[in-house]
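Report on one structure; see the data block that follows.
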Amino acid sequence: MSSIYEKYHLKQVINASGRMTILGVSTPSADVVDTVKYGLNHYFEMKDLVDKTGAWIASLLGAENALVVSCASAGIAQSVAAVIVKDNAWLLENLHAAPLTVPHDIVLPKGHNVNFGAPVGTMVALGGGRLVEAGYANECSAEQLSAAITPQTAAILYIKSHHCVQKSHLSVEQAAVVARKHNVPLIVDAAAEEDLQRYYQCGADLVIYSGAKAIEGPTSGLVVGKQQYVEWVKRQSSGIGRAMKVGKEGILGLTQAIENYLTQEKESGAQMVEKMTPFIDNLNTLNGVNARVVWDAAGRDIARAEIHFDEAAIGQTTGELVQALKNGAVAIYFRGYKANEGIVEADVRSVTPEQLNTIYLSIKALLTGEKQA
Ligand SMILES: *Cc1c(COP(=O)(O)O)cnc(C)c1O
């Protein structure tokens, strides 16, 4: 439907940056799109839809309970509200009306207090929580996490993400042990993670995923957890959750996407290497450019093309080149967070071989000054 691009004067995008919110995250498969459409075209008893899709997802994941929410950020805010409000009917409707007297401290390792596109702390505050940092910017042990817990603690929040400090920080398993010892729940934000079972199995009470990232569903989020905690999260639909309502189309679309994710074979790292090899070979013919295959730093089966620019040879900074590629007729986005070191990475999962060739030609044109065909 290129007319949408024309109608609103939008730029076409080649997304070599991975699952990025600023580019629309992912493009769900045809049967997920069909399921979304089916959802849009029918009525349901919504409580029934929420409960039964949640039970279906929970059974697929071997968990007690699950719930589709509007996004992972909403999952964090509603999970925080859930562990504070629990069954309290007055608080459900008056979370922000008066200073809280029930426990509402949310303890997280200091190195997990990140900005994932919006600050973690903003979601905690939306849920009525007060953020309490444990440990230091560069370390948080089980003992340091323990030391931050008081009778005012409502939950431990653990952010499992490449955004966080990894060095000298405790594992999810260790955080679960601390939570059990102090009898407080553990909430894990695993928004962009690929394993939908591991953190629950590690002992987390609530685990949150982003629906459109690894799972490639529609814009949505998933909360998986223990029976009582998920029920408390559901109750928030009559509280703060109403401002983050998920529709029937999102609920059904994500449920289908999860089933696909668990049963369908994913593109393997070896297949990614095969797809990117002609691209890398082409780039290596350009003066001042050095490209190679690198593997995901977090150990996932993802291969990416690392492109190194010799800035003296190409006569411009990598940052300028990255910007020029975004500004071209078709906007090309890389993973650019090492641009200051002269390095960008291309994530080829959402890129076709033809688009890889377009990227190569665009880089070539920018470096040689010749017009692109
Ligand atoms: C992407 C992300 C989020 C937010 O997910 P949304 O579904 O976009 O709200 C939260 N936490 C982490 C670690 C993320 O990577």
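Each residue of the sequence shown is one higher than the one before, counting from 1497 in the numbering used here. C-beta: ideal position from N, C-alpha, C; glycine also. Just so it is clear, the structure is predicted and the values come from calculations on it, not from any experiment.
| Item | Value |
| --- | --- |
| Beta-carbon spacing of M1768, A1570 below 8 Å | no |
| Three or more C-beta pairs below 8 Å linking the segment 1645-1661 and the segment 1572-1587 | yes |
| Nearest to E1699 (by Cα), restricted to the options K1722, A1686, T1813, G1707 | The sequence given here places Gly at residue 1699; Glu does not occur at that position. Among K1722, A1686, T1813, G1707, the Cα nearest to that of G1699 belongs to K1722. |
| Start and end residues, alpha helix (DSSP H) containing A1568 | 1568-1581 |
| Bridge partners - D1601, DSSP secondary structure assignment | R1626, T1649 |
| Which of helix, strand or coil DSSP assigns to I1828 | strand |
| Alpha-carbon spacing of E1669 relative to A1568, whole angstroms | 21 Å |
| Any 3 or more C-beta pairs closer than 8 Å across the segment 1760-1775 and the segment 1835-1853 | yes |
| Contact check, V1564 vs N1756, beta carbons under 8 Å | no |
| Through-space distance from M1619 to L1627, alpha-carbon basis | 10 Å |
| N- and C-terminal bounds of the alpha helix (DSSP H) containing L1862 | 1849-1864 |
| A1700: CB within 7 Å of a non-hydrogen atom of ligand 1 | no |
| H1505 beta carbon near ligand 1 (any heavy atom closer than 7 Å) | no |
| Nearest to L1863 (by Cα), restricted to the options V1844, Y1833, I1810 | I1810 |
| Contact set for V1742: own chain, Cβ-Cβ below 7 Å, skip 5 residues either direction | V1564, V1565, S1566, S1716 |
| Beta-carbon contacts of K1656 that lie in its chain and below 8 Å, excluding the five residues immediately before and after | V1668, V1684, D1685, A1686, E1689, Y1695 |
| H1665 (DSSP reduced to helix, strand or coil) | strand |
| Near ligand 1: K1741 beta-carbon under 7 Å from a heavy atom | no |
| S1846 beta carbon near ligand 1 (any heavy atom closer than 7 Å) | no |
| Distance cut-off 7 Å: T1523 Cβ against heavy atoms of ligand 1 | no |
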